[in-house]
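**Q** First the structure, which I've put down as structure tokens, then a few questions once you've had a look.
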Amino acid sequence: MTTFPKDFLWSASTAATQIEGGWNADGKGESIWDTLVHDGTGKIAHGENSDTSIDFYHRWREDVALMKQMGLKAYRFSISWSRVLPEGIGKVNEAGIRFYQDLCDELLKNGIQPLVTLYHWDLPTALYRQGGWKNPASPDWFAEYADVVSRALAGRVRYWLTFNEPQMFCGLGLVAGVHAPFEHNDDVAMMDITKHILLAHGRAVQVLRKNCPGAKVGMAPTGDCCLPKDDSPEEVEKARQKSLSEYPGYIMSNTWWADPVFLGQYPAWAKEKFGDLLYPMTAEEWTLVSQPLDFYAYNCYQGTVDIVPDPSKYDAYAYQGSPQTAAAWNITPKVLYYASKFWFERYHLPILITENGYSGLDCVMLDGKVHDPQRIDFLHRYLREVAHAIADGIPVIGYSVWSLFDNFEWAAGYSCRYGLIYVDYPTQQRIVKDSGWWYRDVIASDGGCL
Numbered sequence: 467m468t469t470f471p472k473d474f475l476w477s478a479s480t481a482a483t484q485i486e487g488g489w490n491a492d493g494k495g496e497s498i499w500d501t502l503v504h505d506g507t508g509k510i511a512h513g514e515n516s517d518t519s520i521d522f523y524h525r526w527r528e529d530v531a532l533m534k535q536m537g538l539k540a541y542r543f544s545i546s547w548s549r550v551l552p553e554g555i556g557k558v559n560e561a562g563i564r565f566y567q568d569l570c571d572e573l574l575k576n577g578i579q580p581l582v583t584l585y586h587w588d589l590p591t592a593l594y595r596q597g598g599w600k601n602p603a604s605p606d607w608f609a610e611y612a613d614v615v616s617r618a619l620a621g622r623v624r625y626w627l628t629f630n631e632p633q634m635f636c637g638l639g640l641v642a643g644v645h646a647p648f649e650h651n652d653d654v655a656m657m658d659i660t661k662h663i664l665l666a667h668g669r670a671v672q673v674l675r676k677n678c679p680g681a682k683v684g685m686a687p688t689g690d691c692c693l694p695k696d697d698s699p700e701e702v703e704k705a706r707q708k709s710l711s712e713y714p715g716y717i718m719s720n721t722w723w724a725d726p727v728f729l730g731q732y733p734a735w736a737k738e739k740f741g742d743l744l745y746p747m748t749a750e751e752w753t754l755v756s757q758p759l760d761f762y763a764y765n766c767y768q769g770t771v772d773i774v775p776d777p778s779k780y781d782a783y784a785y786q787g788s789p790q791t792a793a794a795w796n797i798t799p800k801v802l803y804y805a806s807k808f809w810f811e812r813y814h815l816p817i818l819i820t821e822n823g824y825s826g827l828d829c830v831m832l833d834g835k836v837h838d839p840q841r842i843d844f845l846h847r848y849l850r851e852v853a854h855a856i857a858d859g860i861p862v863i864g865y866s867v868w869s870l871f872d873n874f875e876w877a878a879g880y881s882c883r884y885g886l887i888y889v890d891y892p893t894q895q896r897i898v899k900d901s902g903w904w905y906r907d908v909i910a911s912d913g914g915c916l
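Sequential numbering from 467 applies to the sequence shown in the working numbering.
So this is what it looks like as structure tokens:
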């Protein structure tokens, strides 16, 4: 079995809204998720909210100590935009800045590399009320935010991500209307929104390069892909072409977002599909959007087999009777091999897997421990496919489990658990699950025990 590079980024991931709590503490402003969970419309499972979640805002020191015990080499987390800029722009909340500075200092003191995401779905409510991503000023807002954060964390953070999964916060929040802000926008509106997000990414990259010389910068689209029915060259090529198409619907597709950023062009299928409706870009805008990045990050949980001829649709199962997680997501380990292969061969950058994990219905046993053999088996199988990719010459530079902690899972509330660390929400007790200690052993062996 291939061992992983000595400098491999063994990581675990979280997001601010999902773990921090302290939703209005120390001058923090509201995000669209804060507003949503308090609006009384019942859009979150069981009427739950993220007001406290796992209270990371107040318990981060003990949580970093757990990270050290688990041997993490990196920790991926996001910044709460409204914690550092309560109105989204303008006055800076110094308490919010100090929180992230202190967190990074503690991580570094414990030998853990901070891996920072600027935007993980939590637009400040004040900016949403000005039109949010529909507003042509939104790239300027994001650039100001990126400037504040990167100046504050310069010298502390080497790895930066501009956006987490634009497919999801657009597709679920602005088209399907099942995540905040629960809107249903048409294709015309989504063209403007797409362009503004791409320009915001470009502006943020400019700022990060200026404020953090030598930093590594990327973006983290979701990267689920189509799997071949078998490993024959013909089936692999069919799966590749489907994965690079508008599958599974244009706003949710990989190439809708990645081709402009990494190739500086629209995907070919988008020009054919939309024609003159496609958002216009000047030469200067293309240059801004497609500035060179240092790695290709992607989040990936599952794959599907191409059994539906319509490229705008895909089957919900990898195959009939496919094993699934508690979130009803397919368990398809080979997706990490094929996604890494397809994205590397298209974009020619080192690969950083920024999310991959298993949702379960975990509980504390009579012995006071949390035994999660299904999660261990899931991670073991998926990590073997990462090793397969590395053995085939694909430069995978890191892997981040989703998630480090059980947490608030957006509209699903607290109904399923992804964490390597169990959290008893009423008491805030932390228990490292068996999978957390297993992951420690994987890290200690540089993947050799896989």
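We put the CB at the ideal spot given by N, CA and C, even for glycine. Note that the coordinates shown come from a computational prediction; the quantities given were computed from them, not determined experimentally.
#1: As a quick exercise: from C915, I897, D890 and L916, pick the residue whose alpha carbon is nearest that of T518.
#2: Going by Cα to Cα distance, which pick from P733, P714, G493 and G487 is closest to E560?
#3: Any heavy atom of the ligand FAD closer than 7 Å to the CB of K472?
#4: Taking a contact to mean a Cβ-Cβ separation below 8 Å, would you say S479 touches L827 in this structure?
#5: In terms of residues, what are the limits of the alpha helix (DSSP H) holding A736?
#6: Just how far apart, CA to CA, sit A782 and W795?
#7: What do you reckon, are the CB atoms on K680 and Y764 nearer than 8 Å?
#8: Looking at L665 and E751, is the spacing between their C-beta atoms short of 8 Å?
#9: Looking at the unbroken beta strand (DSSP E) that takes in N917, where does it start and where does it end?
#10: Counting pairs of Cβ atoms below 8 Å between the segment 789-808 and the segment 689-705, do you hit three or more?
#11: Using a Cβ-Cβ cut-off of 8 Å (strictly less than) and excluding sequence neighbours within five positions of A482, which residues of its own chain qualify?
#12: Quick one: complete alpha helix (DSSP H) runs, 4+ long, within the segment 591-631?
#13: Is it true that the segment 881-897 meets the segment 550-557, where meeting means three or more beta-carbon pairs spaced less than 8 Å apart?
#14: Cα-Cα, which of I909, P687 and L916 is closest to F474?
#15: For a test of the three-state rule: what should DSSP assign to Y865, helix, strand or coil?
#16: Classify F474 as helix, strand or coil using the three-state DSSP reduction.
#17: Taking 7 Å as the limit between beta carbons, can you name the residues of its chain near R617, skipping five residues before and five after?
#18: Is the segment 521-538 close to the segment 564-573, with three or more CB pairs under 8 Å?
#19: Alpha carbon to alpha carbon, what distance is there between Y762 and W809?
#20: To the nearest whole angstrom, what separates the beta carbons of W924 and L538, a pair I think is in contact under 8 Å?
#21: T523 and G487: beta carbons closer than 8 Å?
#22: Across which residues does DSSP place R564 in a beta bridge pair?
#23: At a cut of 8 Å, does the segment 655-669 reach the segment 589-608 through at least three beta carbon pairs?
#24: Note down the Cα distance separating I485 from D505, rounded to an integer number of angstroms.
#25: How should D652 be labelled, buried or exposed, when 16 other C-beta atoms within 10 angstroms of its C-beta is the threshold for buried?
#26: Of the choices Y767, F874, Y880 and A877, whose alpha-carbon is the least far from that of L849?
#27: I need the boundaries of the alpha helix (DSSP H) containing G708, first residue and last residue.
#28: From the DSSP output, in three-state form, read off Y713 for me.
#29: Let's see if you can read the secondary structure: which residues bound the beta strand (DSSP E) around I900?
#30: Going by DSSP in three states, Y780 sits in which element: helix, strand or coil?
#31: Between A642 and A878, is the Cβ-Cβ spacing less than 8 Å?
#32: Determine the contact status of T628 and M685, defining contact as a CB-CB distance below 8 Å.
#33: Here's the rule I'm using: 16 or more other beta-carbon atoms within 10 Å means buried, otherwise exposed. How should Q535 be labelled?
#34: So for L828, helix, strand or coil by DSSP?
#35: Just to confirm my understanding: we take L710, look at its own chain, exclude 5 residues before and 5 after, and list those with CB closer than 6 Å. What are they?
**A** Looking at the coordinates:
#1: Nearest to T518 by C-alpha distance, out of C915, I897, D890 and L916, is D890.
#2: Shortest Cα-Cα distance from E560 to any of P733, P714, G493 and G487 involves G493.
#3: Within the structure as shown, the ligand FAD is missing, as the structure has no ligands at all.
#4: S479 places its beta carbon 8 Å or farther from that of L827.
#5: First-last of the alpha helix (DSSP H) with A736: A734 to F740.
#6: For A782, the predicted structure reports a pLDDT of 48, less than 50, and the residue's modelled location is therefore unreliable. A value from the coordinates is still provided. Looking at the two C-alpha atoms, the distance is approximately 9 Å.
#7: Per the sequence shown, residue 680 should be read as Gly rather than Lys. A distance of 8 Å or more separates the beta carbons of G680 and Y764.
#8: Between E751 and L665, the CB-CB gap stays under 8 Å.
#9: Outside the shown range of the chain, which is 467 to 916, sits residue 917, and nothing can be said about it.
#10: Contact between the segment 789-808 and the segment 689-705 is present, because at least three Cβ pairs lie under 8 Å.
#11: Result list for A482: F543, S544, I545, S546, R549, H586 and D588, in chain order.
#12: If we require 4 residues or more, the alpha helix (DSSP H) runs fully inside the segment 591-631 come out as 591-594 and 604-619.
#13: Put simply, the segment 881-897 does not touch the segment 550-557. Fewer than three CB pairs are less than 8 Å apart.
#14: A check of alpha carbon separations from F474 across I909, P687 and L916 identifies I909 as the nearest.
#15: DSSP places Y865 in strand when its eight states are reduced to three.
#16: Three-state result, F474: coil.
#17: Counting only Cβ-Cβ distances below 7 Å, and skipping sequence neighbours, we find N677.
#18: Flag = yes, the segment 521-538 and the segment 564-573 touch.
#19: If I take the Cα positions, the gap works out to 8 Å.
#20: Past the edges of the chain, shown from 467 to 916, lies residue 924, and the structure says nothing about it.
#21: Note that residue 523 is Tyr in the sequence shown, not Thr. Taking 8 Å as the Cβ cut-off, Y523 and G487 qualify as a contacting pair.
#22: Paired residue(s): none; R564 is not in a bridge.
#23: The segment 655-669 vs the segment 589-608: in contact.
#24: A straight-line Cα-Cα distance of about 20 Å links I485 and D505.
#25: By the neighbour-count criterion, in which 16 or more other beta carbons inside 10 Å mark a residue as buried, D652 falls on the exposed side.
#26: Check the Cα spacing between L849 and each of Y767, F874, Y880 and A877: the tightest is with Y767.
#27: In the sequence as presented, Gly is not what sits at residue 708; that position holds Lys. K708 -> alpha helix (DSSP H) spans P699 to S709.
#28: Residue state, collapsed to three classes: coil.
#29: Sequence check: residue 900 is Asp here, not Ile. D900 -> not in any beta strand (DSSP E); alpha helix (DSSP H) instead, spanning D900 to A910.
#30: Caution is warranted here: a pLDDT of 47 is assigned to Y780, below 50, making its placement in the model unreliable, and no coordinate value can be reported.
#31: Going by C-beta atoms, A642 is not nearer than 8 Å to A878.
#32: Yes, these two residues count as a Cβ contact at 8 Å.
#33: Of the residues assessed, Q535 falls on the exposed side of the cut-off, its CB having fewer than 16 other CB atoms within 10 angstroms.
#34: Here residue 828 turns out to be Asp, not Leu, going by the sequence shown. Residue state, collapsed to three classes: coil.
#35: The residues are T721.
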